[in-house]
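So the protein lines, in turn, are chains A and B.
Residue numbers for the first sequence, in UniProt numbering: 1 to 126.
Residue numbers for the second sequence, in UniProt numbering: 1 to 126.
Even glycine gets a Cβ: it sits at the ideal position worked out from N, Cα and C.
Structure record follows, encoded as structure tokens.
Protein chains: 2
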Amino acid sequence: MSPSTKQIRDAVAGYIATVSSGTSAEIAALYAEDATLEDPVGSEIKVGRAQIEKFYSALDSIDSTAELLTVRSGGSTAAFHFRVTSHLPDQTVVVEPIDVMTFDDDLTITSMRAVWAPEDVIAGQR
Amino acid sequence: MSPSTKQIRDAVAGYIATVSSGTSAEIAALYAEDATLEDPVGSEIKVGRAQIEKFYSALDSIDSTAELLTVRSGGSTAAFHFRVTSHLPDQTVVVEPIDVMTFDDDLTITSMRAVWAPEDVIAGQR
Chain A
1 MSPSTKQIRD AVAGYIATVS SGTSAEIAAL YAEDATLEDP VGSEIKVGRA
51 QIEKFYSALD SIDSTAELLT VRSGGSTAAF HFRVTSHLPD QTVVVEPIDV
101 MTFDDDLTIT SMRAVWAPED VIAGQR
Chain B
1 MSPSTKQIRD AVAGYIATVS SGTSAEIAAL YAEDATLEDP VGSEIKVGRA
51 QIEKFYSALD SIDSTAELLT VRSGGSTAAF HFRVTSHLPD QTVVVEPIDV
101 MTFDDDLTIT SMRAVWAPED VIAGQR
């Protein structure tokens with residue numbers, strides 16, 4: 001049976017919580033084995049859980065938090081606006097992408113596209 | 001040459017303005033001849049400008065306004081959160097989808113997917 005709207009939105013909340021406090025391995029485990037990831041849109045597409053874990057591993061050494069701002073879903077697709085705040089040694093960097101995700105019936109992520117551009121990044125003194 | 005981030009975001013603003021005050025024919029003219037439209041996601045996909053104009057024609061007899069809340073773009077893709085307020089005879093209906101659009105190099109819309117679900121519709125007395 002296809003997931004309900006609530007199940008999809010709960011899965012998005014789980015993703016955000018894992019990005020905020022989990023490891024790259026824990027984040028990658030939310031994705032299907034053959035999932036695709038395009039972040040930011042227009043960049044090279046990562047295919048498969050190994051490439052996806054490698055992508056998120058860039059965050060493992062950074063103290064960053066993620067919070068969900070707005071989420072919408074329909075069918076097996078979710079779109080959500082969220083904020084990632086990264087606390088670097090000399091500055092705080094904030095970016096608020098809109099991600100588009102698709103899920104399979106088990107609420108595993110089958111694709112993610114992150115819509116944002118370099119000019120959306122806000123850097124400030126911490 | 002691929003459109004710039006600013007050009008894509010201006011095209012989204014133009015779409016919102018046309019949805020707000022234009023006719024279905026004017027909205028359809030923003031789409032490529034063979035464009036696709038899926039609104040809401042999970043519903044039957046409309047293909048081609050004629051089907052797309054027919055889709056928007058449901059709005060022609062309704063006093064509705066659209067306003068852009070948040071827009072992000074990267075490559076040839078935009079994602080944007082917006083509000084459509086429809087003033088019906090006996091009530092006001094508000095829905096705030098997140099749309100995902102792709103554009104060609106001439107800033108013509110090649111695809112649109114509207115991410116929202118029936119439970120996102122807010123109806124109130126006017």
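Check, Outcome
"Proximity to A79 of chain B [Cα-Cα], best of B:I27, B:H87, B:W116, B:D120", "B:W116"
"Inter-residue CB distance, A66 of chain B and R83 of chain B (contact presumed, cutoff 8 angstroms)", "7 angstroms"
"Short Cβ contact (9 angstroms threshold) for E96 of chain A with R9 of chain B", "no"
"T5 of chain A - DSSP class collapsed to helix/strand/coil", "helix"
"Minimum Cβ-Cβ distance from P3 of chain A to chain B less than 9 angstroms", "no"
"Proximal residues to E38 of chain B (C-beta, below 6 angstroms), its chain only, five neighbours per side dropped", "I45, R113"
"Any C-beta of chain B under 9 angstroms from that of D106 of chain A", "no"
"is_contact[G124 of chain A, chain B] using C-beta, thresh 9 angstroms", "no"
"Chain-order list of residues whose beta-carbon lies under 7 angstroms from that of A28 of chain A (same chain, five-residue window excluded)", "R49, I52, E53, Y56"
"Partner residues on chain A for E119 of chain B, Cβ-Cβ distance less than 9 angstroms", "T5, K6"
"Interfacial residues, the region 87 to 101 of chain B to chain A, with Cβ spacing under 7 angstroms", "P97, I98, V100"
"Other residues of its chain near M101 of chain A: CB distance less than 6 angstroms, five sequence neighbours each side excluded", "A78, I109, M112"
"A32 of chain B, DSSP secondary structure in three states", "strand"
"Any chain B beta carbon closer than 9 angstroms to F103 of chain A", "no"
"Inter-residue Cα distance where the pair is I62 of chain A and T70 of chain A", "24 angstroms"
"Counted within 10 angstroms of its Cβ, other Cβ atoms place I98 of chain B as buried (16 or more) or exposed", "buried"
"Span separating the alpha-carbon of L88 of chain A from that of A17 of chain A", "20 angstroms"
"CB contact check: S43 of chain A to chain B, cutoff 9 angstroms", "yes"
"Closest Cα partner of S2 of chain B within the set B:V41, B:S76, B:G22, B:V47", "B:S76"
"Contact set between the region 67 to 80 of chain A and chain B, restricted to residues whose Cβ is under 9 angstroms from the partner", "L69, T70, V71, R72, S73, G74, G75, S76, T77, A78, A79, F80"
"Proximal residues to T5 of chain A (C-beta, below 6 angstroms), its chain only, five neighbours per side dropped", "S73"
"C-beta neighbour in chain A for R113 of chain B, strict 9 angstroms", "yes"
"Helix, strand or coil at T108 of chain B according to DSSP, with G and I counted as helix", "coil"
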